[in-house]
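K.L.:
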Amino acid sequence: MKRRSILLAAAALGLAATGAHAQGTYPSRPITMIVPFAAGGPTDVVARIVGEHMSRTLGQQIVVENVAGAGGTTGITRAKQAAPDGYTIAMGHMGTHGAAPALYPNLRYDPAKDFEPIGLAAGTPILIVTRKDFPADNLKDFIEKLKNEGPKLNEAHAGVGSVSHTTCTLLASITNTKFTRVAYRGTGPALNDLVAGQVDFGCDQIVNLVPQIQAGTIKAMAIATPERSPSLPNVPTTKEAGLPEYQVSAWNAVFAPKGTPKEIVQKLSDALDKALDDENTRKRLLELGGVIPDKPERGGAALQKLVESEVARWTPVLKAAGVTAGQ
Amino acid sequence: MGDIFSNLGLGFAVALTLQNIALCFLGCMVGTLVGVLPGVGPIATIAMLLPITFGLDPVGALIMLAGIYYGAQYGGSTTAILVNIPGEAASVVTTLDGHQMARQGRAGVALGIAAIGSFFAGTVATVIIAALGAPLTRLALVFGPAEYFSLMVMGLVFAVVLARGSILKAVTMILIGILGSTVGTDLETGQERMTFGFPFLSDGIDFAVLAMGLFGIAEIMRNLEHTETRDVVRAAIGRLLPSAEDFRQAAAPILRGTLIGGALGILPGNGAVLGPFASYTVEKKLAKDPRRFGRGAIEGVAGPESANNAGAQTSFIPLLTLGIPPNAVMALMVGAMTIHGIVPGPQVMTKNPNLFWGMIASMWIGNLMLLVINLPLIGLWVRLLKVPYRLMFPAILMFCCIGIYSINSATTDVMAIAVFGLVGYVFIKFGFEPAPLLLGFVLGKLMEENLRRALIISRGDMMTFVERPISAGLLIVAVLLLAVAVLPTIRKGRDEVFVE
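Going line by line, the protein sequences match chains A and B.
Read in order, the letters of the first sequence correspond to residues 52 to 378 in my numbering.
Read in order, the letters of the second sequence correspond to residues 54 to 553 in my numbering.
Next comes the structure, spelled out in structure tokens:
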């Protein structure tokens, strides 16, 4: 793995040094990056930040096209059907390339087989949060409460198949608990009712939670990453708080349609790699609470492994919980 | 109080730099343009322009993006008045009397009063945000699912009570609208409802698609049938600006519309859509001769337009004070802020006072600019009506297709407006008004979701709607309105809200 990444880095350096002459004509026109969610969401923000730097490396603009719908599967289906010429790529994520096969029985793509993986872009950690006056101050007490009076507690999520929904399904599965689930249309309204105390808790991506936690309008129980987040140094990891099995992150990754030429995939992969090494890009991703993949986690091969393991992980959890969408 | 002045001073110092004035102007211009073009809404535009703002400093970028948003509100009424196409839910009401005014040769007056009303509402709303933004945030937090459901019930009763003539036809249209809003993936269970297995229906019917079909395309078909009505519009353009008498009639509606729209705009979950409808209902109820409504009453344009703009401005309150977006455009603003390294939250006001007060000050400047942009343009817009219809309708059709495609880049949406256009034409032929359908469609979704949410939280106990004081109050108002409608003596005075 290590050797490979060194080779990659060398290749990237080589490309950068020789400039545009080296690799023929690709890209000779703007590249469309399909983001399968509405503009402004976490995946969209990651795509735009990374895409901006990649545009500079490739010498052609990467244009973000938001094709929202059906939990992101509409946009990814379109990406699968696009011409495999490197001019259409997509930003997939944990839902579209992990949970979707279990959620959507009629899914028209196979996350592991229908794409050329380009590389992991950035992940956003998942937090378990409660309303500010919830009668528990740490994860242990919280899970105790969940076990004793689960059905009485209300969990807010952003709709079936959303990150907040699937990650809390995983929490229920790992802790073997049941609670009342309340669906909202998007994370905004769900967060509103959590801040207002209309509901008890939720699981969600770090991005919009940080300011609320810092202001004390909601409480964080734990963060589901191996290490604490620099944005929230006081919030313990699930490992520290006694639930080490609960490790989950909403990762975002770039894919090209199956059959895209190898050298184009490599070029895109190198451009992504370079973006993730860029100081300014890193800073912006970190400000969002994002986790930037280390060298061994980058590139197509690592992404392929991740997709396979995520599909294998989510399928039994979601099937057992009986959640499906789009039936 | 002194605080507010020093804060506003800071805000104006930020907003009045040459760069920010230019960006504000640019945003307002672009916003007006996309508002005028049917279908191209602020969401698509802001999403497209996001990359351009990368190089700007965050305050300037957000001033520009906010300008696009409220500029589009101004522009949207132009299309509603001139060609009877509501770009979004808020301008459905404007088509009712605004387009009638245009047909009577008073297009200039309608556009003028809409711009002036919007400016007044924008100014008041800006002051409200500056002075009361933080305390008003509480309003967004006391409105839980139960209160929201009751508010929607009240909204629907408004429509039923005041629907004219055949109340049966109005109720039918509202019910069809509600039925239409249930199409798509069920939020709680993830099951698809009434999609007949079509993937493009799995996210439901898009409001813009429905509105453009029922209003825009159907209107074109009807106009092609009655070419003579177009000639009337062309013949008499009339005066361009409102007269003193117009102002006298419109003053009170503008004031009331501002208050109603401003209050509803603060609510989470897009409460602002109710503003224009509520304002129209109130004006009609207060009018000495309600029958003028739907036939070109200036109050029916002034009130709702003010409510619309006030709501557009106050919907920034939850975003700026709580960091929680109340609707899709605000969600996009959150994205824009995060891209610029400002994560919106309760501390934006204290952490980024430049941004907070700069944006507020720029809103007022933007409103002033919009007034200046719009008033001289009225003559130009009105002259557009003189364009022969054989040239106008293909242009409208083309803009509709481009606009609708730009929302989701989906060809099925373009075909859907054709289908809804046909449906709308049939409705018109049989004397059914499309406006109640759109109101039912907008409120239906919010109503169903909040009903189920409230019942899940109360574990199925219906009492939750009467035990919570705000919810109970809203339901009492709804019942009273209904009772008023049912009493036969008062019923005589009932007239229609929804008239072409």
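Glycine included, every Cβ here is placed at the ideal spot set by N, Cα and C.
Quick caveat, the model's predicted, so the values are computed rather than measured.
1) Within the same chain, show all residues whose beta-carbon is closer than 8 Å to that of F211/B, passing over the 5 residues directly before and after it, in chain order.
2) Please report whether the beta-carbon of G315/B lies at a distance below 7 Å from any beta-carbon of chain A.
3) Which whole-angstrom value is the C-beta distance of V211/A and V374/A, which I expect to be below 8 Å?
4) Which residues in the same chain as G64/B place their Cβ atom closer than 7 Å to its Cβ, once the five residues preceding and following it in sequence are excluded?
5) Return the residues of the stretch 462–473 of chain B that lie within a Cβ-Cβ distance of less than 7 Å from chain A, sorted by chain order.
6) What are the complete alpha helix (DSSP H) segments, minimum 4 residues, inside the stretch 212–299 of chain A?
7) Using a beta-carbon distance cut-off of less than 7 Å, what residues from the stretch 267–279 of chain A approach chain B?
8) Thinking just about the alpha-carbon of each residue, which of E358/B, A360/B, V387/B and G237/B is nearest to the one in L372/B?
9) Cβ closer than 8 Å: which chain B residues qualify as neighbours of I100/A?
10) Cβ of T238/B within 7 Å of Cβ of S255/B?
11) Just to check my reading of the structure: L79/B and I392/B have Cβ atoms closer than 8 Å, yes? What is that Cβ distance to the nearest angstrom?
12) Taking only three categories from DSSP, how would you classify A463/B?
13) Using a C-beta to C-beta distance shorter than 9 Å, which residues of chain B count as neighbours of V118/A?
14) What does the alpha-carbon distance come out to for the pair E361/A and G149/A?
15) Please work out which residues of its chain come closer than 6 Å, Cβ to Cβ, to N205/A, disregarding the five sequence neighbours upstream and downstream, and give them in chain order.
16) Below 8 Å on the Cβ atoms is my guess for T311/A versus E195/A; work out the distance and round it to an integer in Å.
17) Along chain A, in chain order, which residues have C-beta atoms closer than 9 Å to that of P397/B?
18) Report the neighbours of G388/B on chain A: residues whose CB is nearer than 9 Å to its CB, in chain order.
19) Could you list the residues in the stretch 85–105 of chain B with a C-beta less than 8 Å from some C-beta on chain A, going in chain order?
20) Please determine, among L294/B, M500/B and L189/B, the residue with the shortest C-alpha to C-alpha distance to L317/B.
21) Starting from E502/B, find everything on chain A with Cβ-Cβ shorter than 7 Å and list it in chain order.
22) Anything in chain D within Cβ reach of A121/A, meaning under 8 Å, just list it in chain order.
23) Alpha carbon to alpha carbon, what distance is there between T128/A and N427/B?
24) Tell me whether the beta-carbon of I134/B lies closer than 7 Å to the beta-carbon of A114/B.
25) Please confirm whether A241/A and A207/A have their CB atoms less than 7 Å apart.
26) Among all the DSSP beta bridges, which residues are the ones paired with A179/A?
27) Residues in the same chain with beta-carbon distance under 6 Å from F485/B, minus the five sequence neighbours each way, listed in chain order, please.
28) Along the chain, which unbroken stretches of the alpha helix (DSSP H) at least 4 residues long are found entirely within the stretch 91–157 of chain A?
29) Which residues of chain B have a Cβ atom closer than 7 Å to the Cβ of D244/A, listed in chain order?
30) Within 8 Å, do at least three Cβ pairs link the stretch 262–272 of chain A to the stretch 182–195 of chain A?
31) If you draw a straight line from the alpha carbon of G293/A to that of D192/A, how long is it in whole angstroms?
32) Below 8 Å on the Cβ atoms is my guess for Q153/B versus G456/B; work out the distance and round it to an integer in Å.
33) With DSSP as the reference, identify every bridge partner of I82/A, one or two as the case may be.
34) At a CB distance below 8 Å, what residues from the stretch 202–220 of chain A approach chain B? Give them in sequence order.
35) How big is the Cα-Cα spacing for W365/A and F249/B?
36) Which residue comes first and which comes last in the alpha helix (DSSP H) that contains H152/B?
P.N.:
In brief:
1) Counting only Cβ-Cβ distances below 8 Å, and skipping sequence neighbours, we find F330, A331, T334, L534 and V550.
2) Between G315/B and chain A, the shortest Cβ-Cβ separation is not below 7 Å.
3) Correct: roughly 6 Å between the Cβ atoms.
4) Only W410, G411, I413 and A414 meet the Cβ criterion.
5) Within the stretch 462–473 of chain B, the residues whose Cβ lies closer than 7 Å to some Cβ of chain A are S462, listed in chain order.
6) Contiguous alpha helix (DSSP H) elements confined to the stretch 212–299 of chain A occur at 214–226, 238–246 and 257–266, taking only those with 4 or more residues.
7) Residues T268.
8) Residue V387/B is the option with its Cα nearest to L372/B.
9) Within 8 Å Cβ-Cβ: I392.
10) Less than 7 Å divides the Cβ of T238/B from the Cβ of S255/B.
11) Rounded to whole angstroms, the Cβ separation of L79/B and I392/B is 18 Å, and the two are not in contact under 8 Å.
12) DSSP, reduced to helix, strand and coil, places A463/B outside both helices and strands of the structure shown, so it counts as coil.
13) Those within 9 Å of V118/A in chain B are N461, S462 and A463.
14) Approximately 5 Å between the Cα atoms of the pair.
15) Excluding residues within five positions, the ones whose Cβ falls inside 6 Å are T231, V233, V250 and D251.
16) Not a contact, Cβ separation roughly 50 Å.
17) Per Cβ cutoff of 9 Å: N259 and P262.
18) Those are A89, A90, G91, G92, P93, D95, V96 and R99, listed as they occur along chain A.
19) Only those residues of the stretch 85–105 of chain B whose C-beta falls short of 8 Å from the nearest C-beta of chain A are listed: I96, I99, A100, L103 and P104.
20) It is L189/B whose Cα lies nearest to the Cα of L317/B.
21) Correct list: R236.
22) Considering every chain present, this structure includes no chain D. Its protein chains are A and B.
23) Straight-line Cα distance between these residues: approximately 43 Å.
24) Note that the C-beta distance between I134/B and A114/B is not below 7 Å.
25) A Cβ-Cβ contact shorter than 7 Å links A241/A with A207/A.
26) The question names Ala, yet the displayed sequence has Ile at residue 179/A. Answer is C254/A and A273/A.
27) Contacts found: K222 and M226.
28) Correct list: 93–109, 124–132 and 151–154.
29) Within 7 Å Cβ-Cβ: G197.
30) Note that the stretch 182–195 of chain A touches the stretch 262–272 of chain A; at least 3 beta-carbon pairs, one per stretch, sit closer than 8 Å.
31) Spanning the alpha carbons of G293/A and D192/A requires a straight line of approximately 11 Å.
32) Q153/B to G456/B, Cβ: 24 Å. No contact.
33) Looking at the DSSP assignment, I82/A forms a beta bridge with I113/A.
34) With the criterion set as a beta carbon lying under 8 Å from some beta carbon of chain B, the members of the stretch 202–220 of chain A are N205, G210, V211 and G212, in sequence order.
35) In a straight line, the C-alpha of W365/A is about 28 Å away from that of F249/B.
36) From DSSP, the alpha helix (DSSP H) with H152/B extends over V145 to R156.
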